[in-house]
Structure formats: C-alpha cells, structure tokens
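>
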Amino acid sequence: MLSCDICGETVTSEPDMKAHLLVVHMENEVICPFCKLSGVNYDEMCFHIETAHFEQNTLEERNFERIDTMQNGTSNNKDNSLQSTVEVNSSIHSACASNHPKGSAQSLPEDDTLKRKEVYSENLSESRKFQKSRGKQSGLSEIKEPIYETMYSPPECPFCGKIEECGQDMETHVKTKHASLLDTPLEDCVQPFYDCPMCGLICTNYDILQEHVDLHLEESSIRQGMDRVQCSGDLELAHQLQREEDSKRRSEESRQEMEEFQKLQRQYGLDNSGGYKQQQLRNMEIEVNKGRMLPSEFHRRRAEMMESLALGTDDGKTKTSGIIEALHRYYQNAATDVRHVWLSSAVDHFHSSLGDKGWGCGYRNFQMLLSSLLQNDAYEECLKGMSVPCIPKIQSMIEDAWKEGFDPHGASQLNNKLQGTKAWIGACEVYTLLTSLRVKCRIIDFHKSTGPSGTHPHLFEWILNYYSSEREGNSKVVWTSKPPIYLQHQGHSRTIVGIEERKNRTLCLLIFDPGCPSREMQKLLQQDIEASSLKQLRKFVGNLKHKQYQIVAVEGTLSSEEKVARRQASQVFTAEKIPR
Numbered sequence: 005m006l007s008c009d010i011c012g013e014t015v016t017s018e019p020d021m022k023a024h025l026l027v028v029h030m031e032n033e034v035i036c037p038f039c040k041l042s043g044v045n046y047d048e049m050c051f052h053i054e055t056a057h058f059e060q061n062t063l064e065e066r067n068f069e070r071i072d073t074m075q076n077g078t079s080n081n082k083d084n085s086l087q088s089t090v091e092v093n094s095s096i097h098s099a100c101a102s103n104h105p106k107g108s109a110q111s112l113p114e115d116d117t118l119k120r121k122e123v124y125s126e127n128l129s130e131s132r133k134f135q136k137s138r139g140k141q142s143g144l145s146e147i148k149e150p151i152y153e154t155m156y157s158p159p160e161c162p163f164c165g166k167i168e169e170c171g172q173d174m175e176t177h178v179k180t181k182h183a184s185l186l187d188t189p190l191e192d193c194v195q196p197f198y199d200c201p202m203c204g205l206i207c208t209n210y211d212i213l214q215e216h217v218d219l220h221l222e223e224s225s226i227r228q229g230m231d232r233v234q235c236s237g238d239l240e241l242a243h244q245l246q247r248e249e250d251s252k253r254r255s256e257e258s259r260q261e262m263e264e265f266q267k268l269q270r271q272y273g274l275d276n277s278g279g280y281k282q283q284q285l286r287n288m289e290i291e292v293n294k295g296r297m298l299p300s301e302f303h304r305r306r307a308e309m310m311e312s313l314a315l316g317t318d319d320g321k322t323k324t325s326g327i328i329e330a331l332h333r334y335y336q337n338a339a340t341d342v343r344h345v346w347l348s349s350a351v352d353h354f355h356s357s358l359g360d361k362g363w364g365c366g367y368r369n370f371q372m373l374l375s376s377l378l379q380n381d382a383y384e385e386c387l388k389g390m391s392v393p394c395i396p397k398i399q400s401m402i403e404d405a406w407k408e409g410f411d412p413h414g415a416s417q418l419n420n421k422l423q424g425t426k427a428w429i430g431a432c433e434v435y436t437l438l439t440s441l442r443v444k445c446r447i448i449d450f451h452k453s454t455g456p457s458g459t460h461p462h463l464f465e466w467i468l469n470y471y472s473s474e475r476e477g478n479s480k481v482v483w484t485s486k487p488p489i490y491l492q493h494q495g496h497s498r499t500i501v502g503i504e505e506r507k508n509r510t511l512c513l514l515i516f517d518p519g520c521p522s523r524e525m526q527k528l529l530q531q532d533i534e535a536s537s538l539k540q541l542r543k544f545v546g547n548l549k550h551k552q553y554q555i556v557a558v559e560g561t562l563s564s565e566e567k568v569a570r571r572q573a574s575q576v577f578t579a580e581k582i583p584r
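For the sequence shown, the residue numbers in the numbering used here are 5 to 584.
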C-alpha cells in the first residue's frame, strides 16, 4: 500500500498514487500540511512550503530517513510503498522548483489574498499533529516516543528566528510580536533581492547593497589612485632618464666640440706648441736621432737659423730663382701644342722647410709675391730697403698692420698674435700686409663653381684677362710686367705665374706650389726642359675643383691717402665676388 505524503490517503499502486496526486492535489484545492493554507494551486503551494516551512519540511524528511534506517524488519511491501511515495513527492517538488525557483519574488494574485492571521495561529499545533499522523500512516507507530522526541527540533519563529520550547509558546510569540505581519499580504512578506550592478552579488537589504557598492567605488578609486601614482612615477622616471640622456648627449657634444676645436687649433697652429723656431729645432733633432743629419750639421744649421731670425730675412735655403726665364726660353723653342702663353714678371720659388712644414704655405707664397715685387722697379719706392723676410718676420709685419687698424675682425680671430705660433694665414692677411706696405691690390672671391663638375672656368678667364692686357702683337710668348697672383683655397695656397692658351682653345694655369721641393723645381732650370717637367706647373680647368677660390692680384702702388682709405674700408672687410 502507498500513502500520500500530503493528505495521508492510501492507495494500492504507484499509478493510483500518481492519479490521486493529479486529481486531488493538483486539480482540486490544495491545503498546506503545516499551516492549513488553502485556496492556491499546486505550484503556489510548493513555493509556500519551500519558503514558509523549509526547515520543518527538511527536518521531517531527515526524521523519516532515520526511522526508515532503524526499521530494517519492515515488510518489503511497506518499503516499496514508502519509496514510491518519496519518488512521486520528489518529482512533484522538482516540477515545482522548475516553475518557481527558490528565492523568486513571485507573489500570489491580489484576488487570492489570504486572511493569514488564523493560518499562522494554527501553524505550530497542527504541524505536530500532522507529523504524528504521517508516522502512523507510514507504518511507524511501533516507534517508541523517546526516539521521536530525540529527533524533534524546537519551533523557530519564521519572522525573527526566535526558538520556543513548544508550539503553544511559539503561537503566543507570533501573535504578540508579529501581529502586524499576520495582516500583511503574502506578496509583501516575500523578501526582495537586490543585484550588485558591478559584481552581480545578491543582497537582501538595500542599505547593505549601498555599502557593498561603496566598497566597489572605494576600491576603484584606490586602484585609480595607485595607477596615477604609478603613472606619475613612470613619468618622473621617464623625465629623469631623458635628463640623463640629454646631459650625456650635451657632454658628448661638448667633448666632440672640444676635440674639434683642439684639432683646428693644431691645424691652424694655435695650440701653443711653439712657432717656426721651435718646430725647426725639434725636426732637426728628429733628423739627428734617425741618422739623417750629423750633429755638426745640426749645430751649423741651428746657428744659421738664429742669425736669419735675428736679421729678419730669409736664409734662402728653400729658394729657387730663374724659373720664369727658363720657361720663356722653353715656350719660344718648344711647346708646339701651345698657341699663346703669358708669363708674370720674374719670381723666385720658395718651398716649405722643417720649420714651417704643414702650415707655412701662405707665408711662402707671400715670399714669392714679394720677391717679384722687389725685382719690379714700379714698387721700389714703397718697398725701399726691404728684402724677402723670414716667416717670423712676416708674422711680426702682419701684427704691426693689425696694430695700425687693418682688418680688426681678422686680427681678433687669430687673437691678435702670430709670432711664436704656427697660425695659418690666407688671402685677407696677405692683402692686409701688402696694403700696409702701400701696395695696391684687391681680393676676388670665386665663391662658387661656374662650370660643370664643380669647375671654375670664370677663374681662368679672369686670369687670362689680367695677363693678356699687355699682349704684344702676335707673339706666342708674352713675358709681362704683371706680378704673380696669390691663389687661396681650402687648406692650401699657391702662386699663379702665367697662363697658356692651347691650340684647342683650352686654358691652362702655370702655378708655383710651395709644397714642391727645390730639387724638382731645379729641373726646370736645365737647358733642355722636358715637357714632363712642366706637369707639376700646369693646372687645367678640370684640376681646380675646390668649392671656393680667392685670389690677391697686385695692381700698382698706393698713396698715403689711399692707404688710409683702405685701412678704414678694412674695418668691414669685403671682397669682390664672381659670379656676382
């Protein structure tokens, strides 16, 4: 036999039990077994039992499980009946749970609102009677009362959780303490739920939810603050690294600038390492140490140098004279590929020595130019009593010109000092010195190329016009009275002593280079000059490809008044530019 857990009615089989449950309890009126609640459908009743009588229902099921364990002698028919009943009841509860999940806030219809005061007053007394009747219907009447009492749990208030000794005390407690709740509709008794919008946590109280959300916001604020602190720390670290990098870069740039400056100082002889005298003595000592000079020769040359420095004149050890005359003879008798040639007035070649090697080209070119002027009667008045000076004397003469007021800007660039240094000089210093000697000259600046591949054909044309102004008839060789021309470019200077016009109409300059030693220049003094010997003198248009060239061309003498005017003009030094 099977007994219904809801009403206690017994049926003979499991299909009958299912039919009973469907007809009596699902289609007809359903009554709560604990508080006699009625007037609701089966799903609502299941929801009511699970919410209002959850602990009592759980305790009852546990008690029956324990009693079933103790009654091992019960007949198989009773066991099967109880098991079937439990299975049916479980299936009903599962269906209820699927339709009405636990914790749902679904309320009963308003027209089915119950008068709950009477229901709750009968709750505790009826539940205990129902539990005893279920025990009898399930064949548990043989269980002794002490066993059931040990499994019984004191009733607990469904509103405040207070536990009383018996149901009558609980009934009195509910009527006195929670009378207002008994008049409240069922849907108002269902506790609301609040979901956290940030983490999904379910709270039963709005204030608790508010505190919970505030904790989220506080945590977020702290995290953002930490992020800002971290970001600020990273930014400060980046700035520090940038400052260190900038400092390192500036230090490296300063070091490189200093190295470049020192290199330029050494290159232009401004590194306080001594001048002509010191370098001459030092290089002669090196020659002695290498065995290329005898000690006796060292002392002899040293004495000659000291005498030359004392007199202020060049000792002539590097001079080669008579080359222009030899060239005149050569062009008259040979050079069949040359149509016309113009030569400057007589000029001596001076080359660098041990005392000025690497920096003295400007001084040596001035010596060449001055040697030509000294042989020209037109300049005798302004150069009376002079001879070709030595390099230290030339330095002293330029310093004297600066003291007169010539080229103050150039003087300041060289610290107003040349003596005792290896400072380079260029076109401006040569112009200053010649002007101070009342020699009329001008500087022409060929500041950019005027031909293909960086060439300067305008330079060649200007020099041709300079020398050809004294052309005499149809003579092939013209030995003019024009002085040589000082030619300056980056890093070196030379002296132009003539120009060729070849049969193919191309031009070729004849140049004295102070870097060419005397033994090579003396080959031009031979009776029969070989054409290959002139290779060191000839420079075609394609041989001069420096970015800029400056020349100093002598044009006569100056009066005292003209010298003063040119001194005033040199306060702001300007040069004639070609092309304009």
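Glycine included, every Cβ here is placed at the ideal spot set by N, Cα and C.
(1) Ile555 lies in the beta strand (DSSP E); which residues open and close that run?
(2) Measuring only from the beta carbon, is His353 closer than 7 Å to any heavy atom that is part of the ligand SAM?
(3) If we count Cβ pairs, one from each stretch, closer than 8 Å, do we get three or more for the region 478 to 490 versus the region 308 to 321?
(4) Compare the C-alpha of Val15 against each of Lys22, Asp9, Leu213 and Met5 and name the closest.
(5) In terms of residues, what are the limits of the alpha helix (DSSP H) holding Lys543?
(6) What three-state label does DSSP hand Asp449 in the structure shown?
(7) In three-state DSSP terms, what is Gln492?
(8) Which residue wins for smallest C-alpha separation from Lys281, given the options Asn293, Met310, Asp275 and Phe265?
(9) Closer than 8 Å is the cut-off here; do at least three beta carbon pairs connect the region 389 to 409 with the region 298 to 317?
(10) Any contact between the region 531 to 538 and the region 409 to 416? By contact I mean 3 or more CB pairs, one from each, below 8 Å.
(11) What does the Cβ neighbour count give for Ile10, buried or exposed, with the cut at 16 atoms within 10 Å?
(12) Can you say whether Asn276 is buried or exposed, counting buried as having 16 or more other CB atoms within 10 angstroms of its CB?
(13) With 16 other CB atoms within 10 Å as the buried threshold, where does Val178 fall?
(14) If you run the structure through DSSP and keep just helix, strand and coil, what is Gly316?
(15) Helix, strand or coil, according to DSSP, for Asn369 in the structure here?
(16) Would you say Ser349 and Pro487 are within 8 Å of each other, going by their C-beta atoms?
(17) Going by the DSSP bridge assignment, what does Ser7 pair with across the sheet?
(18) Measure from the alpha carbon of Asn508 to the alpha carbon of each residue in Leu239, Arg254, Thr340 and Thr436, then state which is nearest.
(19) Identify the residues that DSSP records as bridge partners of Phe516: which are they?
(20) Please report the distance separating the alpha-carbon of Gly171 from that of Pro158.
(21) Is the beta carbon of Ala557 closer than 8 Å to that of Ile515?
(22) Counting only runs that start and end within the region 356 to 427, where is the alpha helix (DSSP H) found for 4 or more residues in a row?
(23) What's the gap between the Cα of Lys166 and the Cα of Cys8?
(24) Three-state secondary structure (DSSP) at Asp199?
(25) Check whether the Cβ atoms of Gly279 and Thr425 sit closer than 8 Å, and answer yes or no.
(26) Cβ of Cys365 within 8 Å of Cβ of Gly519?
(27) Look at the Cβ atom of Gln554, then the Cβ atom of Ile402, and state whether they are nearer than 8 Å.
(28) Quick check on Arg442: does DSSP put it in helix, strand or coil?
(29) Using 8 Å as the threshold, is the region 539 to 552 in touch with the region 377 to 392, meaning 3 or more CB pairs across them?
(30) So Lys543 and Leu562 are supposed to be a Cβ contact under 8 Å. How far apart are they, rounded?
(31) When we look at the beta-carbon of Pro201 and count the other beta-carbons within 10 Å, is it buried (16 or more) or exposed?
(32) Alpha carbon to alpha carbon, how far is Glu54 from Ile47? Give it in angstroms, no decimals.
Quick answer:
(1) Ile555 -> beta strand (DSSP E) spans Tyr553 to Thr561.
(2) Absence of the ligand SAM from the depicted structure is noted, as is the absence of any ligand whatsoever, leaving it without description.
(3) Contact fails: fewer than three Cβ-Cβ distances are below 8 Å.
(4) Residue nearest to Val15 within the set Lys22, Asp9, Leu213 and Met5 is Met5 (criterion: CA-CA distance).
(5) Not the alpha helix (DSSP H): Lys543 falls in the beta strand (DSSP E), residues Arg542 to Phe544.
(6) Note: Asp449 maps to strand in three-state DSSP.
(7) Shown here, Gln492 sits in a strand according to DSSP, grouped into three states.
(8) Comparing Cα-Cα distances from Lys281 to each of Asn293, Met310, Asp275 and Phe265, the minimum goes to Met310.
(9) In this structure the region 389 to 409 lies against the region 298 to 317, because at least three pairs of beta carbons, one per stretch, are closer than 8 Å.
(10) Short answer: they don't touch.
(11) Label assigned to Ile10: buried.
(12) A residue is called buried once 16 or more other Cβ atoms fall within 10 Å of its Cβ, and Asn276, having fewer, is exposed.
(13) Counting Cβ neighbours within 10 Å, Val178 comes out buried, since at least 16 surround it.
(14) Reduced to three states, the DSSP call for Gly316 is coil.
(15) Asn369: helix per DSSP, three-state reduction.
(16) Result yes, Cβ atoms of Ser349 and Pro487 sit closer than 8 Å.
(17) Under DSSP, Ser7 forms a beta bridge with Thr14.
(18) It is Thr340 whose Cα lies nearest to the Cα of Asn508.
(19) When DSSP reads this structure, Phe516 sits in a beta bridge with Thr499.
(20) So the two alpha carbons sit approximately 8 Å from each other.
(21) Not a contact, by the Cβ cut-off of 8 Å.
(22) The region 356 to 427 is shown to contain whole alpha helix (DSSP H) runs of 4 or more residues at 365 to 378, 395 to 408 and 412 to 417, in chain order.
(23) Rounded to the nearest whole angstrom, the CA to CA distance from Lys166 to Cys8 is 32 Å.
(24) DSSP places Asp199 in strand when its eight states are reduced to three.
(25) Their beta carbons are under 8 Å apart, which means Gly279 touches Thr425 by this criterion.
(26) Yes, Cβ-Cβ distance for Cys365 and Gly519 is below 8 Å.
(27) No; because the gap between Cβ atoms is not below 8 Å, this pair is not in contact.
(28) Residue state for Arg442 is assigned as coil, using DSSP reduced to three classes.
(29) For the pair of segments examined, the region 539 to 552 was found not to touch the region 377 to 392: the number of CB pairs separated by less than 8 Å stays below three.
(30) Not confirmed; about 31 Å, so no contact.
(31) Of the other Cβ atoms in all chains shown, fewer than 16 fall within 10 Å of the Cβ of Pro201; this residue is therefore exposed.
(32) As written in the sequence, residue 47 is Asp, which differs from the Ile given in the question. Taking the Cα positions, Asp47 is about 11 Å away from Glu54.
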